[in-house]
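Please read the structure below before turning to the comments.
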Amino acid sequence: MKVICFKNHTELSVFAASAIALAIKNKPSLTLCMASGETPALTCDLLVKNLTEEQVDYSKITFLGLDEWVGLPPENEGSCQYFFRKKIFEPLQLKASQYFLFNALAEDLNAECLKMDALIAEKGGIDIMLVGIGMNGHIGFNEPGTSFTSISHVAALDEITKTVGQKYFTQQTALTRGITVGLGHLLNANKVLLLANGSKKAGVIKAAVEGPVTEIFPASIMQQHTNGFVLIDEEAGSLLDKSKLS
Ligand code: GLP
Numbered sequence: 003m004k005v006i007c008f009k010n011h012t013e014l015s016v017f018a019a020s021a022i023a024l025a026i027k028n029k030p031s032l033t034l035c036m037a038s039g040e041t042p043a044l045t046c047d048l049l050v051k052n053l054t055e056e057q058v059d060y061s062k063i064t065f066l067g068l069d070e071w072v073g074l075p076p077e078n079e080g081s082c083q084y085f086f087r088k089k090i091f092e093p094l095q096l097k098a099s100q101y102f103l104f105n106a107l108a109e110d111l112n113a114e115c116l117k118m119d120a121l122i123a124e125k126g127g128i129d130i131m132l133v134g135i136g137m138n139g140h141i142g143f144n145e146p147g148t149s150f151t152s153i154s155h156v157a158a159l160d161e162i163t164k165t166v167g168q169k170y171f172t173q174q175t176a177l178t179r180g181i182t183v184g185l186g187h188l189l190n191a192n193k194v195l196l197l198a199n200g201s202k203k204a205g206v207i208k209a210a211v212e213g214p215v216t217e218i219f220p221a222s223i224m225q226q227h228t229n230g231f232v233l234i235d236e237e238a239g240s241l242l243d244k245s246k247l248s
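In terms of our numbering, the sequence shown is numbered consecutively and its last residue is 248.
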């Protein structure tokens with residue numbers, strides 16, 4: 003794992019978007035798994051800009067949505083599906099066959115997990131995974147206590163996740179469960195970018211990067227990834243031991 007600190011969220015997002023665009027140029031059939039949320043929002047915009055301006059052929063990529071709130075319809079503006087539709091699929095005009103998102107309304111959620119796992123296997127694993135970090139150290143909806151070998155699964159949400167998650171919704175929304183790609187997939191991914199910005203993430207970044215590697219704090223898994231990059235801005239890195247920064 004490497005930790006790279008940028009001046010601000012914009013510089014961090016420029017770096018992440020360029021890294022993904024370059025990876026698509028090098029491997030047009032890239033499998034990309036991404037988180038939604040505030041942190042990667044600018045990266046998504048810049049990725050669309052890069053791919054379009056540089057006329058990169060992205061017609062063969064496969065896009066996987068990292069997670070979703072169980073029970074939310076896709077038209078809910080706080081859903082991950084809504085985010086990806088507006089930020090990636092519509093601007094890039096991706097074909098429906100190029101992306102897979104968990105159907106959070108499915109009667110059989112386990113079947114959704116199996117579909118995701120089968121797709122990841124069919125693609126030979128995830129090439130690039132771009133994730134964020136929750137205020138309890140979660141990645142996707144891999145909540146504290148999730149096994150580092152987990153595959154796609156449904157999770158009961160932690161109280162912190164239910165509370166912090168309200169920021170995505172215009173009105174109070176009942177959040178109980180999430181469906182997510184597992185940490186085992188993250189460990190097996192060729193490259194992982196974990197992004198964090200802002201002073202509110204400083205504590206969880208310190209725990210992820212300098213704390214013990216433990217399933218109690220899921221993001222500490224990054225320390226075990228040989229091609230893992232923690233991309234932070236100065237505020238998110240403000241509590242770190244500076245000698246460990248790249
Ligand atoms: C959410 C999602 C994660 C996301 C994280 C951080 O609950 N389940 O996939 O990465 O929390 O979100 P944000 O970037 O909005 O801080």
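We put the beta carbon where it would ideally sit given N, CA and C, even for glycine. Computed from a prediction, not measured in an experiment: that's the story for all the values here.
Distance cut-off 7 Å: A37 Cβ against heavy atoms of the ligand GLP: Indeed, a heavy atom of the ligand GLP lies less than 7 Å from the Cβ.
Three-state class that DSSP yields for L185 in the structure shown: Residue state, collapsed to three classes: helix.
Cβ-based neighbour list, G142, same chain, cut-off 7 Å, excluding 5 preceding and 5 following: The residues A37, L68, D69, V133, T182, V183, in chain order, have a CB closer than 7 Å to that of G142 in the same chain once the five nearest residues on each side in sequence are set aside.
Coarse secondary structure for I141, derived from DSSP in three states: Strand, per DSSP.
Extent of the continuous alpha helix (DSSP H) to which A18 belongs: Note, A18: alpha helix (DSSP H), 11-28.
Beta-carbon proximity list for I153, same chain, < 6 Å, skipping 5 on both sides: The beta carbon of I153 sits closer than 6 Å to the beta carbons of D119, G184, G186 from its chain, once the five residues preceding and following it are set aside; these are given in chain order.
Distance cut-off 7 Å: Q59 Cβ against heavy atoms of the ligand GLP: Sequence inspection shows Asp at residue 59; the Gln mentioned does not correspond to that position. Relative to the ligand GLP, the beta carbon of D59 is positioned no closer than 7 Å to any heavy atom.
Which of helix, strand or coil DSSP assigns to E114: In the displayed model, E114 falls within a helix according to three-state DSSP.
Every unbroken alpha helix (DSSP H) within the stretch 150-207, with a cutoff of 4 residues, ordered by chain: Within the stretch 150-207, the runs of alpha helix (DSSP H) that reach at least 4 residues and sit entirely inside it are, in chain order, 161-166, 185-190.
Reduced DSSP category for L48 - H, G, I as helix; E, B as strand; rest coil: In the structure shown, the three-state DSSP call for L48 is helix.
beta-carbon G67 near the ligand GLP non-hydrogen atom, thresh 7 Å: Between the ligand GLP and the CB of G67, the shortest heavy atom gap is not smaller than 7 Å.
Through-space distance from G136 to A176, alpha-carbon basis: Between A176 and G136, the alpha-carbon positions lie close to 18 Å from each other.
Residue(s) in a DSSP beta bridge with C35: Beta-bridge pairing by DSSP links C35 to L66, M131.
For S99 and K63, believed in contact at Cβ under 8 Å, the rounded distance: Inspection of the sequence shows that residue 63 is occupied by Ile rather than by Lys. With 8 Å as the limit, I63 and S99 do not qualify as a contact, their Cβ atoms being about 11 Å apart.
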